[in-house]
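> Going by my numbering, the residue at position 270 of the sequence shown is 289; the numbering climbs one at a time, nothing skipped. Ideal Cβ placement from N, Cα and C applies to all residues, glycine included.
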Amino acid sequence: MRIEYKIRILYNDFNKNNKDEHRKERCKTMKVAVIGAGLMGSGIAQTCAQAGYEVFNIDTYAPAIEKAKNNIDNLFNKKIAKGKMTEEQKAEILGHLTYSSSFEDVKGAALIIEAVPEKIDIKKSVFEQLDKVADPETMIVSNTSGLSISEIAAVTKRPNKVMGVHFFYPAPVMKLVELIRGIATDDDTYEKVREFAVNIKKTVVDAPEYPGFLVNRILVPMQNEAAFMVMEGCKPEDVDTAMKLACNFPMGPLELTDFVGVDTMLATMTGLYNGFHDSKYRPCPLLETMVKAGHLGRKSGQGFYKYE
Ligand SMILES: NC(=O)c1ccc[n+]([C@@H]2O[C@H](COP(=O)([O-])OP(=O)(O)OC[C@H]3O[C@@H](n4cnc5c(N)ncnc54)[C@H](O)[C@@H]3O)[C@@H](O)[C@H]2O)c1
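1. Helix, strand or coil for E327? Go by DSSP, reduced to three states.
2. Applying the criterion that 16 or more other CB atoms from any shown protein chain within 10 Å of the CB defines a buried residue, is P272 buried or exposed?
3. Looking at P136 and ligand 1, is the gap between the Cβ and the nearest heavy atom below 6 angstroms?
4. Is the number of C-beta pairs between the stretch 201-219 and the stretch 182-189 that are closer than 8 angstroms three or more?
5. Can you tell me which of the three DSSP states K180 falls into?
6. What is the DSSP secondary structure of D225, reduced to helix, strand or coil?
7. Quick one: using the 10 Å Cβ neighbour count with 16 as the cut-off for buried, is T208 buried or exposed?
8. Can you list, in chain order, the residues of its chain with a C-beta nearer than 7 angstroms to that of K318? Leave out the 5 residues immediately preceding and following it.
9. On the DSSP letters alone, give me the boundaries of the beta strand (DSSP E) that A312 sits inside.
10. Considering only DSSP beta bridges, list what E197 is partnered with.
11. Which residue from Q321, V258, S298 and C266 puts its Cα closest to that of F278?
12. Using a Cβ cut-off of 7 angstroms (strictly closer), state whether K194 contacts chain B.
13. Exposed or buried, which one is D140 when buried takes at least 16 other CB atoms within 10 Å?
14. Identify the continuous beta strand (DSSP E) that holds T208 and give its terminal residues.
15. Please name the residue in A265, I77 and Y292 whose C-alpha comes closest to that of S61.
16. With a threshold of 6 angstroms on Cβ separation, who are the neighbours of F323 within its own chain once the five nearest residues in sequence on each side are excluded?
17. Using the three-state DSSP reduction, which class does A70 fall into: helix, strand or coil?
18. What's the gap between the Cα of A56 and the Cα of V74?
19. When DSSP labels each residue in this structure, what does K389 get in the three-state scheme?
20. Thinking C-alpha only, which one of A190, E228 and E156 is nearest A134?
21. Taking its Cβ as the centre, do 16 or more other Cβ atoms sit within 10 Å of G114, making it buried, or is it exposed?
22. Taking the straight line between their C-alpha atoms, what separation do you get for V234 and E307?
23. Sorted by chain position, which residues of the same chain lie with C-beta nearer than 8 angstroms to E327's C-beta, five sequence neighbours on each side aside?
24. Relative to the C-alpha of R236, which residue among K299, D206, A216 and M270 is closest?
25. For M288, which of helix, strand or coil comes out of DSSP?
26. Residues in its own chain within less than 7 angstroms of K394 by CB, not counting five upstream and five downstream?
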């Protein structure tokens, strides 16, 4: 019995390793370009390189590239010091990663992932440029947190090959990816992008092309309601303690608001309100006052809590 069991484990391990090797071989032959080397773009590029894809991370701002390079180097060195990575593994992953400042380097990419700032004009301009330089069959996806995929796709001559792939911060760690089809996204693009997301070891969910997609549509109104409770006189500590203990959340809704930035959270809530034209998404006035006062959360040292 025991021997049979061991053989089965060995067989399963062999199969898994074999599948991993096959997956890596397939990835190696596919080039991916990530536009933007900021907070999200650099993490997405790292995630793809770790899965074995040939990645070009492109940013037009030279200091952003330098920062991304230094960050990944420091991160991997820390992992090596902790025994969680070898020098060889570091070299292999970095070998898959090329930094560039030229959009010309998207040539030959099967997939382009855009992660430039959340401004519709910037996104449209980037998509227009990419559409001109990328191969005709290249799929272009946006990591937008809430802008309209259909609107972005409409500036290209390939709206059927455009969709949303929403990663969460930090991209190499967070397991979830939301897939958002624009009005013109075709089935072939959706299936290929879905396969890619699974290959980089993410769990995918389909989200509607409406403000907030799936996660933020549920999460941000909860943070907003928590702010209303503080406005009505509740202590932030009580709100967060209650939600952590009752719902097993790792972080309370107000701690989370401070973490992502009160201004960012307010902007998302305002996007829901304007997008749905529904009063149930009205932003809490306390958030507006906090932003006007510069109480932006951790990044400003003061939000619902004070930070050193
Ligand atoms: N920060 C988050 O937690 C988070 C989470 C999920 C999704 N997003 C989305 O990801 C996108 C990027 O956000 P971020 O937080 O990484 O922003 P960021 O400001 O950290 O990075 C944006 C990068 O884009 C570069 N850039 C600007 N214009 C460019 C251009 N024309 N061509 C190439 N590069 C250009 C900038 O130099 C910068 O390095 C946004 O759409 C955002 O909504 C952010």
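So, to answer that:
1. Position 308 of the sequence shown, counted from the start, is the residue given in the question as residue 327. DSSP places E327 in coil when its eight states are reduced to three.
2. As a working note, residue 272 is residue 253 in the sequence shown. Its Cβ being crowded by 16 or more others within 10 Å, P272 is buried.
3. On the sequence shown, position 117 is the one that residue 136 refers to. Correct: P136 has its Cβ closer than 6 angstroms to ligand 1.
4. yes
5. Indexing the sequence shown from 1 puts residue 180 at position 161. Looking at K180 - three-state DSSP - the assignment turns out to be helix.
6. Indexing the sequence shown from 1 puts residue 225 at position 206. Reduced to three states, the DSSP call for D225 is strand.
7. Sequence index remark: in the sequence shown, residue 208 carries index 189 (1-based). By the 10 Å Cβ count, T208 comes out buried.
8. As a first step, residue 318 is located in the sequence shown; it is residue number 299 there, counting from the start. Taken in chain order, the residues that qualify are G280.
9. Position 293 of the sequence shown, counted from the start, is the residue given in the question as residue 312. Taken as a continuous stretch (DSSP letters only), A312 belongs to no beta strand (DSSP E), as it is neither H nor E.
10. Taking the sequence shown and counting its residues from 1, one reaches residue 197 at position 178. Answer is H185 and V224.
11. For the purposes of this step, residue 278 is taken as the residue at position 259 of the sequence shown. The shortest Cα separation from F278 among Q321, V258, S298 and C266 belongs to Q321.
12. Among the chains of the structure shown, chain B does not appear; only one protein chain is present.
13. Against the sequence shown, residue 140 aligns to sequence position 121. Exposed.
14. Working through the sequence shown from its first residue, we reach residue 208 at position 189. No beta strand (DSSP E) holds T208; the alpha helix (DSSP H) holding it covers D206 to N218.
15. By 1-based counting over the sequence shown, the position of residue 61 is 42. That would be I77, whose Cα lies nearest to the Cα of S61.
16. For the purposes of this step, residue 323 is identified with residue 304 of the sequence shown, where counting begins at 1. Contacts found: P255, L273 and D277.
17. Taking the first residue of the sequence shown as 1, we reach residue 70 at position 51. Three-state result, A70: coil.
18. Along the sequence shown, read from residue 1 onward, the residue named residue 56 stands at position 37. Along the sequence shown, read from residue 1 onward, the residue named residue 74 stands at position 55. Rounded to whole angstroms, A56 to V74 spans 12 angstroms at the Cα level.
19. With the chain represented from 20 up to 327, any question about residue 389 goes unanswered, as that position is not in the structure.
20. Position 115 of the sequence shown, counted from the first residue, corresponds to residue 134. The shortest Cα separation from A134 among A190, E228 and E156 belongs to A190.
21. Locating residue 114 in the sequence shown gives position 95, where the first residue counts as 1. G114 is exposed by the Cβ-count criterion.
22. To locate residue 234, count along the sequence shown from 1; it is residue 215. To locate residue 307, count along the sequence shown from 1; it is residue 288. Distance between the alpha carbons of V234 and E307: 22 angstroms.
23. In the sequence shown, the residue the question calls residue 327 occupies position 308. Once the five neighbours on either side are set aside, the close Cβ partners of E327 are G320.
24. Your numbering for residue 236 matches position 217 in the sequence shown. Comparing Cα-Cα distances from R236 to each of K299, D206, A216 and M270, the minimum goes to K299.
25. The residue you call residue 288 lines up with position 269 of the sequence shown. Helix.
26. Because the chain in this structure spans residues 20 to 327, residue 394 falls outside the shown range and cannot be described.
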